[in-house]
Structures are given as structure tokens and as C-alpha cells.
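Q: Please find one structure pasted underneath; my questions will follow.
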Amino acid sequence: MTKFADIKGFVFDLDGVITDTSILHGTAWHQLADSLGVAWSDELANGLKGISRMDSLEMILKAGGKENDYTQAEKEQLATQKNTNYVAEVDKMTPANILPGMKAFLDDLRAKGYQLSLASASKNAPRVLGKLQLADYFPKIVDPASLTHGKPDPEIYTKGAELLNLPANQCIGVEDAAAGVAAINAAGEVSLGIGDATELGAADMVFADTAEVTLDNIAKKLG
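This is the structure we're talking about:
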């Protein structure tokens with residue numbers, strides 16, 4: 410097991426970890442589902458968390474029994490429409506949208522010389538970081554266009570560590586979704602889950618919320 414003293418880098422997911430864009434994604438997908446005549450539900454909203462744009466679209470179409478109603482080109486168009494909805498929501502963001510305690514945690518990491526990278530499947534991650542005024546904290550961002558597999562495949566976290574030129578076992582991956590935790594574990598990194606301890610039971614350590622995530626608390630859990 411990796412010891413706290415071995416950790417040199419942190420690979421962050423964005424949504425549910427640094428800020429909560431899932432609300433904005435939810436709004437944008439809800440708008441699209443309405444326009445397609447697909448009934449929106451909590452179950453559908455929860456199912457879309459942490460998966461890619463095209464996979465999310467397929468899930469919505471399937472929920473409405475419309476998975477065979479559109480050509481691939483039309484599906485691309487629908488995904489673009491959703492993204493336009495989403496970007497309009499993102500552009501309203503400010504540093505006030507950073508989750509509790511996360512700015513202080515990032516400041517502490519930077520002050521103590523840890524390397525940081527971002528492993529978000531969102532193509533809009535750089536735009537979000539800009540609105541939150543956190544862009545300079547993450548000079549290294551995994552390009553979602555370079556990925557061939559989505560979470561729970563480890564690829565995005567493997568690339569996150571590679572960007573830092575660190576071996577996987579010297580990195581902590583930070584996630585709020587079970588698929589993300591699975592991806593971190595499969596990449597051979599230490600997994601830090603934020604949220605429900607049962608849902609994130611596979612994580613090496615779990616914190617109930619972002620405010621609890623501090624280097625001191627991580628050190629206590631890792632030893």
C-alpha cells in the first residue's frame with residue numbers, strides 16, 4: 410500500500426469534486442429531452458453522471474424508446490445542441506461555484522509542491538476552470554479527444570499521471586463517482602472518493618464532502 414510520504418501528485422476529476430457542473434449538465438440535458446419529447450426522471454438524471462456526451466444521449470434516446478429514430482449525424486447534432494445549452498450555463502459561473510474547501514485544498518497542494526492534473530471527460534473543462542479562476546492550477550489537462558475509452562476504464566487516470574511524469578502509485582486520483590473510483594483503482598493510483606461511503610466503497614479512502622478533503626486528513630487515512 411502506498412504511504413502518504415510517497416505521494417507526489419493529484420489527478421482530479423472536475424465535476425462533483427472541484428465544482429458541481431452536473432447541475433448545469435442536468436439542466437442542459439433536461440432541455441434537450443424536453444425538446445425530443447422524452448420524459449425526464451431522477452433515475453435518468455442520475456444515470457447520466459460521469460459518462461460521455463454521446464453515451465448520455467443514447468441513454469436519453471433509449472429512455473424515450475427513440476434509440477433508432479436518428480442517424481449518427483443527427484445524433485451528433487443533438488449532442489451539439491445540448492453542448493450549446495450547457496456552455497450558456499457555464500458562462501454564468503464564477504469562483505463562488507467552487508465547492509466548499511476545494512480552493513483552500515488546491516492552494517495547500519500548490520504551496521507544498523504537489524503536481525496537479527485534470528482528468529475530466531468534459532471537453533468544456535478548460536472553460537469551466539477559466540470561469541472558476543482556477544486555470545493556472547491545472548497546466549496539465551487530459552485531452553478528452555485523445556481518449557478511446559470512458560470511465561471505468563483507467564485510460565483517463567493513466568494519462569493524468571503520465572502528464573505529471575509520475576508513476577501511478579505516487580498519485581492520488583480524486584473522484585465523486587463509482588465509475589471514476591474504479592478507473593483510478595484500475596490505473597494503479599490511490600483512490601480518494603468524495604460522497605457516499607457505500608456507493609464509493611471501492612475507494613482507498615472516502616470523505617463525505619469536499620470540505621473534509623485536506624492534506625492532514627488524507628495523511629491520517631493513508632498513514
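Numbered according to the numbering used here, the sequence shown spans residues 410 to 632. Don't be surprised by glycine CBs; every beta carbon is placed ideally from N, CA and C. Since we're looking at a predicted model, the values are computed, not measured.
For I359, which of helix, strand or coil comes out of DSSP?
A: Since the displayed the chain opens at 410 and closes at 632, residue 359 lies outside it and no answer follows.
Q: Would you mind sorting Q542 into buried or exposed? The rule is 16 or more other CB atoms within 10 Å of its CB.
A: exposed
Q: Report yes if the CB atom of L527 is closer than 8 angstroms to the CB atom of V551, and no otherwise.
A: yes
Q: List the whole-angstrom C-beta distance separating D415 from N578, where the pair is believed to meet the contact cut-off of C-beta under 8 angstroms.
A: 7 angstroms
Q: On a Cα-Cα basis, can you pick out the residue from E621, A588, T567 that is closest to A596?
A: T567
Q: Relative to the alpha-carbon of P504, which residue among L457, K417, D429, A587 has its alpha-carbon at the smallest distance?
A: D429
Q: What does I581 pair with, by DSSP beta-bridge criteria?
A: DSSP output for I581 lists F419, V599 as bridge partner(s).
Q: Given G522, which residues of its chain have a CB within under 8 angstroms of its CB, disregarding the five upstream and five downstream residues?
A: none
Q: Please state the DSSP three-state secondary structure of M511.
A: helix
Q: Applying the 10 Å Cβ sphere with the 16-neighbour rule, what's the burial state of S465?
A: buried
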